[in-house]
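Using the UniProt record's numbering, read the sequence shown as starting at 1 and increasing by one per residue.
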Amino acid sequence: MVFCLQLTAAILAYSQQEFIKRYIDQSMYRIVQELYATQSSYKELFDNIQSKFECCGVRGYRDWLYSSWGRDIPGKTELGIGYSDIGKVPQSCCNEQGMRDYPTDCGLTFDKLELWTYEAFIHSKGCSKAFYDAANSHLDIAIVICVIMGTAERDELGLFASTADPSFRIYPVSDSNIKHKLE
Numbered sequence: 001m002v003f004c005l006q007l008t009a010a011i012l013a014y015s016q017q018e019f020i021k022r023y024i025d026q027s028m029y030r031i032v033q034e035l036y037a038t039q040s041s042y043k044e045l046f047d048n049i050q051s052k053f054e055c056c057g058v059r060g061y062r063d064w065l066y067s068s069w070g071r072d073i074p075g076k077t078e079l080g081i082g083y084s085d086i087g088k089v090p091q092s093c094c095n096e097q098g099m100r101d102y103p104t105d106c107g108l109t110f111d112k113l114e115l116w117t118y119e120a121f122i123h124s125k126g127c128s129k130a131f132y133d134a135a136n137s138h139l140d141i142a143i144v145i146c147v148i149m150g151t152a153e154r155d156e157l158g159l160f161a162s163t164a165d166p167s168f169r170i171y172p173v174s175d176s177n178i179k180h181k182l183e
């Protein structure tokens with residue numbers, strides 16, 4: 001029974017990878033575009049993700065150009081055809097060189113020129129891929145462990161059944177069995 005549950009969990013986890021990936025993307029986009037600017041718990045969460053996974057934005061640093069947090073730049077030039085490429089990124093997007101060259105305001109002062117001019121100072125990969133790759137590597141390990149544990153448990157159950165005392169019987173509980181045993 002346990003083997004079947006573990007195998008089912010492993011199969012479901014493997015088969016739902018695309019759904020999980022879309023869910024991660026959508027959740028991260030919502031945080032970057034809306035919640036990062038207004039809710040400190042989401043800001044802290046995404047800053048931790050960007051720092052830990054050495055990433056920036058969902059698909060890349062340009063995601064911050066379209067976020068409510070990145071749009072709020074005084075004096076930002078609007079070209080009349082949408083957002084410009086001038087923007088800022090959170091400090092958690094900065095790589096080692098960025099933190100070395102801009103120790104107190106890395107990312108936050110990148111609103112003077114087009115953001116691509118600061119690429120050397122920020123993480124280039126998006127957090128969605130970094131997060132998914134980390135989760136996926138753990139998922140593969142979890143699937144292997146489920147299969148190994150399930151196989152071991154199945155083998156143990158078979159060994160137990162083959163060595164059990166043949167006189168040992170499990171009877172279903174019913175009124176007639178109880179009356180018979182009491183008499």
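Beta carbons are placed, not taken as given, at the ideal position from N, Cα and C, and that holds for glycine.
What residue range does the alpha helix (DSSP H) around residue i cover?
| i | result |
| --- | --- |
| Arg-30 | 17-30 |
| Glu-44 | 40-53 |
So if DSSP puts residue i in a beta bridge, which residue, or which two residues, is it bridged to?
| i | result |
| --- | --- |
| Cys-94 | Ile-122 |
| Ile-86 | Glu-114 |
For residue i, which option in the options has the closest C-alpha, if you only look at C-alpha atoms?
| i | options | result |
| --- | --- | --- |
| Cys-55 | His-138, Cys-94 and Trp-69 | Cys-94 |
| Val-58 | Asp-105, Ser-124 and Ser-40 | Ser-124 |
| Asp-63 | Leu-45, Ser-40 and Asp-25 | Asp-25 |
| Ser-67 | Ile-148, Glu-96, Lys-43 and Gln-17 | Lys-43 |
| Asn-48 | Val-144, Gln-39 and Ser-92 | Ser-92 |
| Ile-19 | Tyr-132, Thr-151, Ala-152 and Ile-145 | In the sequence under discussion, the amino acid at residue 19 is Phe, which differs from the Ile named in the question. Taking only the C-alpha atoms, the option nearest Phe-19 is Tyr-132. |
| Gly-60 | Leu-45, Ala-13, Leu-12 and Glu-119 | Glu-119 |
| Ala-135 | Ile-11, Gln-6 and Phe-53 | Phe-53 |
| Tyr-29 | Thr-151, Gly-126 and Met-99 | Gly-126 |
For residue i, count the other beta carbons within 10 Å of its own beta carbon; 16 or more makes it buried, fewer makes it exposed. Which is it?
| i | result |
| --- | --- |
| Trp-116 | exposed |
| Gln-128 | Sequence check: residue 128 is Ser here, not Gln. Label assigned to Ser-128: buried. |
| Ile-148 | exposed |
| Ser-15 | exposed |
| Tyr-36 | buried |
| Leu-65 | buried |
| Gly-80 | Because the pLDDT at Gly-80 is just 39, under 50, the model does not fix this residue reliably, and the point stays unresolved. |
| Gln-39 | exposed |
| Val-144 | exposed |
| Thr-77 | Here the model assigns Thr-77 a pLDDT of 46, short of 50, so the residue's position is not dependable, and the following value carries that caveat. Exposed, because fewer than 16 other Cβ atoms sit within 10 Å of the Cβ of Thr-77. |
| Gln-97 | exposed |
| query | Can we say the segment 101-110 touches the segment 83-93, given the rule of at least three CB pairs closer than 8 angstroms? | reply | Cβ pair count under 8 angstroms is three or more, so yes.
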